[in-house]
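Visitor: Before we start, here is the structure in question, set down as structure tokens.
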Amino acid sequence: MTQNFLLPIINFEPAVMKHGKGSYLYDTNEKKYLDLNSGQFCTILGHCNSEILSNINESMNTLSHTASNILAEEVIKCADKIHTISGEMSAYSIFLSTGAESVEFALRYSKFINKKSGIICFDKGYHGLTLGTQSVTFGGKFANPHISDIYTVPVPDYIHFTKTEEEYINEFANLVHNIHHKVSAVIMEPVVSVGGMLFPSSNYFQSIRLICNKYNLLLIFDESQTGFGRLGTWFAYQQYNIIPDIVCLAKGIGLGYPVSMVLFRDKLITDKVFTMTHYSSHQNDAFAASIVNAGIKYIEKYNLLKKVKENGQYFLNTLQKLCAINPHIKNPRGLGLMLGADLFFSGIHDYRNLYHKLYERMMENGVIIQGTCGGKILRFLPDYLISHSDIDFAINTLNTVLSSLDIFK
Ligand SMILES: Cc1ncc(COP(=O)(O)O)c(C=O)c1O
Numbered sequence: 165m166t167q168n169f170l171l172p173i174i175n176f177e178p179a180v181m182k183h184g185k186g187s188y189l190y191d192t193n194e195k196k197y198l199d200l201n202s203g204q205f206c207t208i209l210g211h212c213n214s215e216i217l218s219n220i221n222e223s224m225n226t227l228s229h230t231a232s233n234i235l236a237e238e239v240i241k242c243a244d245k246i247h248t249i250s251g252e253m254s255a256y257s258i259f260l261s262t263g264a265e266s267v268e269f270a271l272r273y274s275k276f277i278n279k280k281s282g283i284i285c286f287d288k289g290y291h292g293l294t295l296g297t298q299s300v301t302f303g304g305k306f307a308n309p310h311i312s313d314i315y316t317v318p319v320p321d322y323i324h325f326t327k328t329e330e331e332y333i334n335e336f337a338n339l340v341h342n343i344h345h346k347v348s349a350v351i352m353e354p355v356v357s358v359g360g361m362l363f364p365s366s367n368y369f370q371s372i373r374l375i376c377n378k379y380n381l382l383l384i385f386d387e388s389q390t391g392f393g394r395l396g397t398w399f400a401y402q403q404y405n406i407i408p409d410i411v412c413l414a415k416g417i418g419l420g421y422p423v424s425m426v427l428f429r430d431k432l433i434t435d436k437v438f439t440m441t442h443y444s445s446h447q448n449d450a451f452a453a454s455i456v457n458a459g460i461k462y463i464e465k466y467n468l469l470k471k472v473k474e475n476g477q478y479f480l481n482t483l484q485k486l487c488a489i490n491p492h493i494k495n496p497r498g499l500g501l502m503l504g505a506d507l508f509f510s511g512i513h514d515y516r517n518l519y520h521k522l523y524e525r526m527m528e529n530g531v532i533i534q535g536t537c538g539g540k541i542l543r544f545l546p547d548y549l550i551s552h553s554d555i556d557f558a559i560n561t562l563n564t565v566l567s568s569l570d571i572f573k
């Protein structure tokens, strides 16, 4: 297959995939690849999981879509379940389609509730690439056109910088003190993924929560990647022991289908807030709810939150062992099944070409790693059911490839 008529918006891989099962994808030549990326971090229960498929199929044969003002039974049931698993947040939900759409929704309502235009975000956060979300992605660095009143704070990076946590907190506090009269909300990823696989601490987020409370700013947690079990709890905020006002969910929650959600903390549910209406063709679709319901049922049935913690620990141990023996990889880190490490090659400052070679060699050897934001940082977000032998295979392959990369060719 040499020709296709898709818009060339990124460099597509020469290999074209034909089918998938569990942690594996198979190309048109039946070559098999371990998908260490769970698609684009979405197929958390593996590719074409037959139990999930039969559940979704049953719901699809019953009802998939209604008008925005008409609710399906499945949607009410699912929102009820989310309300329960959200714990103290006691969340009220809306079902949408993509991560960026959920962030747009969260920003739109925050500005409406607090009637101010400003948003504070991390300098290296990723929240999507629609016109609105690109303004908070990397602090709007790549946004065109740029939306005004975006303020940034540095991501707490305890690995590469010498700043203390207290300094990061003070920087946030000082910014808020100076500009809070212009700001409606703060949006943050609980684990900063694209921006370097960085893990701010519970103490950091608890401090951010207190400062937001003091100045009446809404705290939005973008849990597109961390939500729905990725860290071994349903939501990241449950590990940090705080309650955000708004949570965005995407990727994993759709199990590989276009589903996202926004959760509002119960305290936000007032008549005043909902004088602004929202319409989108696929909001609160039975299709979306049936997928989320199937995911919750499966995760509970197989006790997968515990399994994520166990698999994550095994992955981290294996990665740590690799870093101890291979000089080209260091700083292993992770929480649940969200892991990362830094590449290190002496004399290299721009890692883009090197990363590209590494990616290609891993593909040749049958392992797919994160491919769309190459650089110095390796990120691993496999499916929750990945086996220990597949983790071993991935890390051994990485070891071999890193040791044999000819970086100057
Ligand atoms: C944290 C986070 N938020 C939002 C998005 C945007 O989601 P989508 O690509 O589904 O619009 C992403 C995508 O990578 C993400 O990682």
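165 is the number of the first residue of the sequence shown in my numbering; add one for each residue after it.
No residue lacks a Cβ here, since even glycine has one placed at the ideal position from N, Cα and C.
1. Going along the chain, which residues of its own chain have a beta-carbon closer than 6 Å to the beta-carbon of Trp398, five neighbours each way excluded?
2. Taking 9 Å as the CB-CB cut-off, is Tyr332 touching chain B?
3. For the candidate residues Leu486, Phe176, Gln447, whose alpha-carbon lies nearest to that of Ser567?
4. Identify the continuous alpha helix (DSSP H) that holds Thr564 and give its terminal residues.
5. In this structure, what does DSSP give as the bridge partners for Lys494?
6. Straight-line CA distance for Phe276 to Pro178?
7. Would you kindly check if the distance between the Cβ of Asp409 and the Cβ of Cys376 is under 9 Å?
8. Can you pull every residue whose C-beta falls closer than 6 Å to some heavy atom of ligand 1, listed in chain order?
9. Rounding to the nearest angstrom, what Cα-Cα distance links Lys521 and Ile258 in this structure?
10. So is Met526 buried or exposed if we call it buried at 16+ other beta carbons inside 10 Å?
11. Based on the DSSP secondary-structure assignment, which residues constitute the bridge partners of Ala349?
12. Using a threshold of 8 Å, is the CB atom of Val472 nearer than that to any non-hydrogen atom of ligand 3?
13. Could you work out which residue in Ile406, Ala307, Phe286, Met440 is closest to Leu293 when comparing CA atoms only?
14. Using 10 angstroms around the beta-carbon of Cys242, count the other beta-carbons present and answer buried if the total reaches 16, otherwise exposed.
15. What's the gap between the Cα of Val180 and the Cα of His211?
16. Provide the residue span of the beta strand (DSSP E) that contains Arg543, from first to last.
17. Going by beta-carbon coordinates alone, are Ile333 and Tyr368 separated by less than 9 Å?
18. Which one of Cys206, Met352, Glu194, Glu330 has the shortest CA to CA distance from Leu419?
19. Leaving out five residues before and five after His552 in sequence, what residues of the same chain have Cβ atoms less than 7 Å from its Cβ?
Guide: Checking against the coordinates, here is how it stands:
1. Ile249
2. Looking for chain B here will not work: only one protein chain is present.
3. Leu486
4. From DSSP, the alpha helix (DSSP H) with Thr564 extends over 552-568.
5. Asp506
6. 46 Å
7. yes
8. Thr262, Gly263, Ala264, Val267, Tyr290, His291, Gly292, Glu353, Ser357, Asp386, Ser388, Gln389, Ala414
9. 42 Å
10. Flag for Met526 reads buried.
11. Ile283, Leu382
12. Ligand 3 is not among the ligands present in this structure, which contains only ligand 1.
13. For the residues Ile406, Ala307, Phe286, Met440, the minimum Cα distance to Leu293 belongs to Ala307.
14. That one is buried.
15. Whole-angstrom Cα-Cα distance: 16 Å.
16. Under the DSSP assignment, Arg543 falls in the beta strand (DSSP E) whose first and last residues are 541-544.
17. yes
18. For the residues Cys206, Met352, Glu194, Glu330, the minimum Cα distance to Leu419 belongs to Cys206.
19. Tyr478
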